[in-house]
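Quick note, the sequences are listed as chains A and B, same order. Numbering of the first sequence is given in the working numbering, commencing with residue 1 and proceeding in unit increments. Numbering of the second sequence is given in the working numbering, commencing with residue 760 and proceeding in unit increments. All C-beta atoms, glycine included, are put in the ideal place defined by N, C-alpha and C. Below you'll find the structure, written out as structure tokens, and then a few comments.
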Amino acid sequence: MKDYRFIGKSTPRKDALDIVTGRTKFINDLTIPNMLYGKVLRSPLPHALIKSIDTTEAMRLQGVKAVLTYKDVPDWKAGFPHHVRILDSKVRYVGEGVALVAAETEDIAEEALRLIKVEYEPLPAVYDVEESIKPDAPQLYDQFPGNVFPQDNVVFGPHTLNEVVIGDIEKGFEEADFIVEGTYAYENIPNPLPPESPGVIALWEGTDNLTVWLASQGPQIFKAAFQRRMGNINLQSLGNPVGGSYGSKYMSWQYALPAVALSKATGKPVKFCYGKAEHLAAFTLRLGSRIHGKVGMKKDGTVTALSGDWLVNSGSFSEATQGMVAVGCGEAQLMLRCKNWSFIPKMVCTNRTASGQVRGFGGQELKCALTPILTMGMEKADVDPVDFFKKNYVKAGDGFYWRDGDWWVCRGIDYSNAINQGAETFGWKEKWKGWLKPTSVNGAKYRGVGVGVHGNADAGEDVSEVYVRLEPNGSAIIHCGIAEHGTGQRSSICKMVAEVLQLPLDRVYVTPTDSLVNPIEIGPVGSRGTYAIGGAVIAAAEDAKRQLFELMAPKFKVKPEDLETEDGMVYVKGKPDKRIPWIKEMQYYGSIMGHGRFESDFSIPNFMMIFTEVEVDTETGKVDLIRVVGTTDVGQVIDPLSLTNQLNGCLGSAGIDSAIFEETVLDTRLGRIMNCNMIDYKWRTFSELPEMEHSILETPFPTHRFHAIGVGEITPSPGPSAVLMAVSNAIGVRIHDYPLTPDKVLSALGKIGSPMRRE
Amino acid sequence: MTLTLEKSSHSTLTLTVNGEKHSFMLGEGPHEVASSHTLAHTLRERLGLTGTKISCDNGACGCCTVLINGKAVQSCMLLTVECEEKEITTIEGLGDPVTNVIDPLQQSFIDHTAFQCGFCTPGIIMSAKALLNENPSPTRDEVKEALSGNFCRCISHYHVLDAVMAAAKKGGNQ
Ligand code: FES
Ligand code: FES
Numbered sequence: 001m002k003d004y005r006f007i008g009k010s011t012p013r014k015d016a017l018d019i020v021t022g023r024t025k026f027i028n029d030l031t032i033p034n035m036l037y038g039k040v041l042r043s044p045l046p047h048a049l050i051k052s053i054d055t056t057e058a059m060r061l062q063g064v065k066a067v068l069t070y071k072d073v074p075d076w077k078a079g080f081p082h083h084v085r086i087l088d089s090k091v092r093y094v095g096e097g098v099a100l101v102a103a104e105t106e107d108i109a110e111e112a113l114r115l116i117k118v119e120y121e122p123l124p125a126v127y128d129v130e131e132s133i134k135p136d137a138p139q140l141y142d143q144f145p146g147n148v149f150p151q152d153n154v155v156f157g158p159h160t161l162n163e164v165v166i167g168d169i170e171k172g173f174e175e176a177d178f179i180v181e182g183t184y185a186y187e188n189i190p191n192p193l194p195p196e197s198p199g200v201i202a203l204w205e206g207t208d209n210l211t212v213w214l215a216s217q218g219p220q221i222f223k224a225a226f227q228r229r230m231g232n233i234n235l236q237s238l239g240n241p242v243g244g245s246y247g248s249k250y251m252s253w254q255y256a257l258p259a260v261a262l263s264k265a266t267g268k269p270v271k272f273c274y275g276k277a278e279h280l281a282a283f284t285l286r287l288g289s290r291i292h293g294k295v296g297m298k299k300d301g302t303v304t305a306l307s308g309d310w311l312v313n314s315g316s317f318s319e320a321t322q323g324m325v326a327v328g329c330g331e332a333q334l335m336l337r338c339k340n341w342s343f344i345p346k347m348v349c350t351n352r353t354a355s356g357q358v359r360g361f362g363g364q365e366l367k368c369a370l371t372p373i374l375t376m377g378m379e380k381a382d383v384d385p386v387d388f389f390k391k392n393y394v395k396a397g398d399g400f401y402w403r404d405g406d407w408w409v410c411r412g413i414d415y416s417n418a419i420n421q422g423a424e425t426f427g428w429k430e431k432w433k434g435w436l437k438p439t440s441v442n443g444a445k446y447r448g449v450g451v452g453v454h455g456n457a458d459a460g461e462d463v464s465e466v467y468v469r470l471e472p473n474g475s476a477i478i479h480c481g482i483a484e485h486g487t488g489q490r491s492s493i494c495k496m497v498a499e500v501l502q503l504p505l506d507r508v509y510v511t512p513t514d515s516l517v518n519p520i521e522i523g524p525v526g527s528r529g530t531y532a533i534g535g536a537v538i539a540a541a542e543d544a545k546r547q548l549f550e551l552m553a554p555k556f557k558v559k560p561e562d563l564e565t566e567d568g569m570v571y572v573k574g575k576p577d578k579r580i581p582w583i584k585e586m587q588y589y590g591s592i593m594g595h596g597r598f599e600s601d602f603s604i605p606n607f608m609m610i611f612t613e614v615e616v617d618t619e620t621g622k623v624d625l626i627r628v629v630g631t632t633d634v635g636q637v638i639d640p641l642s643l644t645n646q647l648n649g650c651l652g653s654a655g656i657d658s659a660i661f662e663e664t665v666l667d668t669r670l671g672r673i674m675n676c677n678m679i680d681y682k683w684r685t686f687s688e689l690p691e692m693e694h695s696i697l698e699t700p701f702p703t704h705r706f707h708a709i710g711v712g713e714i715t716p717s718p719g720p721s722a723v724l725m726a727v728s729n730a731i732g733v734r735i736h737d738y739p740l741t742p743d744k745v746l747s748a749l750g751k752i753g754s755p756m757r758r759e
Numbered sequence: 760m761t762l763t764l765e766k767s768s769h770s771t772l773t774l775t776v777n778g779e780k781h782s783f784m785l786g787e788g789p790h791e792v793a794s795s796h797t798l799a800h801t802l803r804e805r806l807g808l809t810g811t812k813i814s815c816d817n818g819a820c821g822c823c824t825v826l827i828n829g830k831a832v833q834s835c836m837l838l839t840v841e842c843e844e845k846e847i848t849t850i851e852g853l854g855d856p857v858t859n860v861i862d863p864l865q866q867s868f869i870d871h872t873a874f875q876c877g878f879c880t881p882g883i884i885m886s887a888k889a890l891l892n893e894n895p896s897p898t899r900d901e902v903k904e905a906l907s908g909n910f911c912r913c914i915s916h917y918h919v920l921d922a923v924m925a926a927a928k929k930g931g932n933q
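Rendered as structure tokens:
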């Protein structure tokens, strides 16, 4: 393997000093002169019409600058298809906005909320995905009869994938040696829960100038999506460092639009940051996912047919549910080489806070329900799940429909080596005792193991465009609209440029995440940072280098391709002694602008497998996570510590722990979320960490300059189904939903009755 | 200012933060400290010390951890008016104020990339600092215990443990 100067070496994050000294300015750390504070009055009812709303008293309070209701807000619509107003005359979940207030202080704004009088006409509400599609169910939207979001979606172009129908399903079942059928659900709607709650500052000036400072993983997406919807205004979006996102702060309109409306109404900058209770009770959660599935299998574990209904509970609106369903459908095919499919999703609205994008983007939600159905077949065939996943994971030459509805043929690498090495690191062979069999028993404590797999073809998704500017003093500036949300990607792209141009790392900078300075950047999502954004960055650096050499070649009387550069100096290959600094030819007033562009390419899937060992206390029902081993092949590590950080992230962001104790508890009598604080919403503490180990392979990907591919987004997604498998093996009984709380475990063991909250 | 001072000794409040004294008027006005204000709020909104983060604002997550007389406390759970006559240290107060050299613990966090988004980091560093003040050579389990009130959703815990252990080891060798 090539020994690089920066790539593959641990280097300090460029923003490290700011982070450890508290100097990093997150959105709520910013203040702008004359800034007002925005607050939202939220609905106490899950479904109701607003009969009347009286804001006079609130307006009279000193320090209040605006009170807006559905009658006054601009008619900008969000969601897919565009159906969500900032405020509406009807509320569809507890926590939906009813009125907006801007005031001089937060305290005044909050006081004003108390003075607004609202009269509601309550409507019946529905929460369960199958109840919601019954003919007599309460209807959420006139335009979505039957509470089903339309299939003709265009999130990813005119042919956006909305089902998997391949081959001849009847024939597939005929070829099977046996058929299994079952229902599994992942409906605990966990919250990815970044520590920083969503927040924004908006400033509307004059008739058509808007500036937004956004805590968002994709601040430019707000501009791309809303500039035209707002009347083709001048919109500048600025991205702040993001205090965690995990996908949830990608689409920022839920928090940005109220602030924009308030700023438009007052002419002043308005800061609007969610409190933690709002974040937990009135912001987007994971999708609810339930699958009734049927699998035809041969005795050797070959899957001949898969049919299923995927019932997707999107809550009160669709932020990007169609997109998540499209990617989920693609990812199902990556894990399963099956010739005959009939897998039909249905996207349903219900009266709870909506589901939105979260790391795993539909795929995790799908896997959590689909994998256990496949394991029923594996159990019957008595096939080891590791062997099954190895045999079935997409290989070069295999085809699949991706999110755009096109048929893509895999050009990636074979991940069998990663699977083998992961299994060895974990000690799978020794620990696996067969289906529904514990690994070991010690009194009341039963141990079990499980494994899960995930991967997507989004590492090369979408266009990225980047400029790299060379400055005469021997430095490089990357014009890229990428936000830093924790992956270290802003530092990693500096490493890529430093490597291409052989510059010291402290001579490479990235422009602020500012839409006035940078080309449109959809952002670091879907593990695309390394391959797609990185691809554009590298191309721009190469282009700049080419121009530099063209400029310098006459001086050396050689061809441009004979030149080399290092530390801001140029020399002829093989003759490093005679060096000329860039400035000699660039002059102090000159600069060179390299341009790079990456075009979407869905042919290179990435891969993640997670092995888990759990211990179940059969007396108390408590599940302890003992050990986690992740395995992947990244082609080439860019930054070892950033990579292990991302891999360790499999526990958090509503990942593995959403199988064990994480859940958003909805009281279906009132429609309220019961655990909207960080004491009742459970999260893992330092003192409960499992052993964590990773096996990281580096099989070069020929299609990337440094042979690398990203995996950050996908690391949590194989985890929950692996835990479900491990617990079932430990106790010898299958459990059909998540999380595996003591009541469910004890009920599965027949020690108590059915837990109350289950249907 | 003087007028009010003369009016009543209860109408002002003096805080000692990072070795500096700051006086405030007590009251509900935009630049005053209200009796309902938490220390976290005052540090951030009145003193501009935004290194102290607020996440849960109810004592669950540790993002707002500061040192009071060397001990880690959650500043969102303390009223500012309770903090007079106490030595308050925030993340901005670590390191050497004269040379501007950061604390070895902060350096260790940099060396181990012991953060991802970094939002939880100031709170974690302050909790770890309090531990090392009391116990300069903790075991890994003692570090875990000391940090068990600090939420980190990115799961930087493993690197944090490495960073704190390395800092402790270095400190011990000196
Ligand atoms: S913000 Fe103080 S403990 Fe969470
Ligand atoms: S580094 Fe993001 S929460 Fe800890």
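The segment 877–890 of chain B / the segment 836–856 of chain B touching (three or more Cβ pairs under 8 Å): yes
Ranges of the alpha helix (DSSP H) found wholly within the segment 273–342 of chain A, counting only runs of at least 4: 276–281 and 321–335
Proximity to Ile604/A [Cα-Cα], best of Leu238/A, Ser754/A, Thr511/A and Tyr393/A: Here residue 604/A is taken as the residue at index 604 of the first sequence, counted from 1. Ile604/A has its Cα closest to that of Tyr393/A, out of Leu238/A, Ser754/A, Thr511/A and Tyr393/A.
Thr761/A at chain B interface by Cβ criterion, 8 Å: Because chain A in this structure spans residues 1 to 759, residue 761/A falls outside the shown range and cannot be described.
Span of the beta strand (DSSP E) around Leu100/A: Residue 100/A sits at position 100 when you count from the first residue of the first sequence. That run of the beta strand (DSSP E) goes Gly97 to Ala103.
Residue-chain proximity (Phe783/B, chain A), Cβ-Cβ < 8 Å: Taking the first residue of the second sequence as 1, we reach residue 783/B at position 24. No, Phe783/B does not count as interfacial toward chain A.
Closest residue to Leu647/A among Gly930/B, Asp921/B, Cys913/B and Val923/B (Cα-Cα distance): Start at 1 with the first residue of the first sequence, and residue 647/A comes out as number 647. Comparing Cα-Cα distances from Leu647/A to each of Gly930/B, Asp921/B, Cys913/B and Val923/B, the minimum goes to Cys913/B.
Chain-ordered chain B contacts of Ser687/A [CB-CB under 7 Å]: Position 687 of the first sequence, counted from the first residue, corresponds to residue 687/A. What Ser687/A touches in chain B: Lys903, Glu904 and Ser907.
Contained beta strand (DSSP E) runs [length at least 3] in the segment 2–61 of chain A, N- to C-terminal order: 36–42 and 48–54
Buried or exposed (CB count within 10 angstroms, at least 16 for buried), Pro33/A: Counting from 1 along the first sequence, the entry for residue 33/A is found at position 33. It is exposed - the Cβ of Pro33/A has fewer than 16 other Cβ atoms within 10 Å.
Interface residues of chain A facing Pro789/B [CB-CB closer than 8 Å]: Taking the second sequence and counting its residues from 1, the one referred to as residue 789/B is at position 30. Under the 8 Å cutoff, chain A gives Glu104 and Thr105.
Proximity test, Cβ basis, 8 Å: Ala926/B and chain A: Taking the first residue of the second sequence as position 1, residue 926/B is located at position 167. Answer no: the Cβ-Cβ gap between Ala926/B and chain A never drops below 8 Å.
Given 8 Å, three or more beta-carbon pairs between the segment 693–702 of chain A and the segment 623–636 of chain A: yes
Boundaries of the beta strand (DSSP E) in which Thr612/A is found, first to last residue: Residue mapping note: residue 612/A aligns to position 612 of the first sequence, counting from 1. That run of the beta strand (DSSP E) goes Met608 to Asp617.
Where the alpha helix (DSSP H) containing Pro554/A begins and where it ends: Reading the first sequence from its first residue, position 554 is the one you call residue 554/A. It spans Gly534 to Phe556 - the alpha helix (DSSP H) in which Pro554/A sits, taken as one unbroken run.
Per-residue contacts from Ser794/B into chain A (C-beta, under 9 Å): Stepping through the second sequence from its first residue, residue 794/B is reached at position 35. Neighbours of Ser794/B on chain A: none; closest Cβ ~13 Å, over 9 Å.
Val154/A, enclosing beta strand (DSSP E) - first and last residue: Working through the first sequence from its first residue, we reach residue 154/A at position 154. First-last for Val154/A: undefined, no H or E at that position.
For Phe400/A, the first and last residue of its enclosing beta strand (DSSP E): As a working mapping, residue 400/A is identified with position 400 in the first sequence. Taken as a continuous stretch (DSSP letters only), the beta strand (DSSP E) holding Phe400/A covers Gly399 to Tyr401.
Heavy atom of ligand 1 within 7 Å of Cys823/B beta-carbon: Here the question's residue 823/B lines up with position 64 in the second sequence. Checking every heavy atom of ligand 1 against the Cβ of Cys823/B, one is found closer than 7 Å.
Beta-carbon neighbours of Glu851/B, restricted to chain A and to distances below 9 Å: Here the question's residue 851/B lines up with position 92 in the second sequence. Going along chain A in sequence order, the residues near Glu851/B (Cβ under 9 Å) are Thr21, Gly22 and Arg23.
Alpha-carbon to alpha-carbon, Met378/A and Leu749/A: Numbered from its first residue, the first sequence carries residue 749/A at position 749. Numbered from its first residue, the first sequence carries residue 378/A at position 378. Taking the straight line joining both Cα atoms gives about 22 Å.
Ala799/B burial status per 10 Å Cβ neighbour count (16 or more: buried): As a working mapping, residue 799/B is identified with position 40 in the second sequence. Buried is the call here.
Close Cβ partners of Val383/A (< 7 Å) along its chain, the five nearest in sequence each way excluded: Taking the first residue of the first sequence as 1, we reach residue 383/A at position 383. So the list reads Gly301, once near-sequence residues are dropped.
Local Cβ density within 10 Å of Asn518/A, reported as buried at 16 or more and exposed below that: Indexing the first sequence from 1 puts residue 518/A at position 518. Label assigned to Asn518/A: buried.
Pro372/A versus Ser721/A - alpha carbon distance: By 1-based counting over the first sequence, the position of residue 372/A is 372. By 1-based counting over the first sequence, the position of residue 721/A is 721. Distance between the alpha carbons of Pro372/A and Ser721/A is about 7 Å.
Where Glu278/A falls, given that 16 or more other Cβ within 10 Å makes a residue buried: Taking the first sequence and counting its residues from 1, the one referred to as residue 278/A is at position 278. By the 10 Å Cβ count, Glu278/A comes out buried.
Proximity of Ser527/A and Ala418/A at Cβ, strictly below 8 Å: Within the first sequence, residue 527/A is the residue found at index 527, counting from 1. Within the first sequence, residue 418/A is the residue found at index 418, counting from 1. No, Cβ-Cβ distance for Ser527/A and Ala418/A is not below 8 Å.
DSSP three-state assignment for Val745/A, whether helix, strand or coil: As a first step, residue 745/A must be located in the first sequence, where it is residue number 745. Of the three classes helix, strand and coil, the one that applies to Val745/A here is helix, per DSSP.
Near ligand 1: Ser814/B beta-carbon under 7 Å from a heavy atom: The residue labelled residue 814/B in the question sits at position 55 within the second sequence. For ligand 1, at least one heavy atom lies less than 7 Å from the Cβ of Ser814/B.
Same chain only: Cβ atoms within 8 Å of Ala553/A, ignoring 5 sequence neighbours per side: For the purposes of this step, residue 553/A is identified with residue 553 of the first sequence, where counting begins at 1. Contacts found: Lys559, Pro560, Asp562 and Leu563.
Length of the line joining the Cα atoms of Met609/A and Cys368/A: Taking the first residue of the first sequence as position 1, residue 609/A is located at position 609. Taking the first residue of the first sequence as position 1, residue 368/A is located at position 368. When rounded, the distance between both Cα atoms is 14 Å.
Three-state secondary structure assigned by DSSP to Leu666/A: Position 666 of the first sequence, counted from the start, is the residue given in the question as residue 666/A. Reduced to three states, the DSSP call for Leu666/A is strand.
Check: Thr880/B C-beta below 7 Å from any heavy atom of ligand 2: The residue labelled residue 880/B in the question sits at position 121 within the second sequence. It does: the Cβ of Thr880/B is within 7 Å (strictly closer) of some heavy atom of ligand 2.
Cβ-heavy atom distance, Gly818/B to ligand 1, below 7 Å: The residue given as residue 818/B occupies position 59 in the second sequence. Correct: Gly818/B has its Cβ closer than 7 Å to ligand 1.
Coil, strand or helix - Tyr531/A by DSSP: Stepping through the first sequence from its first residue, residue 531/A is reached at position 531. Looking at Tyr531/A - three-state DSSP - the assignment turns out to be helix.
Where Phe686/A sits in the DSSP three-state scheme: For this step, residue 686/A is matched to residue 686 along the first sequence. Three-state result, Phe686/A: helix.
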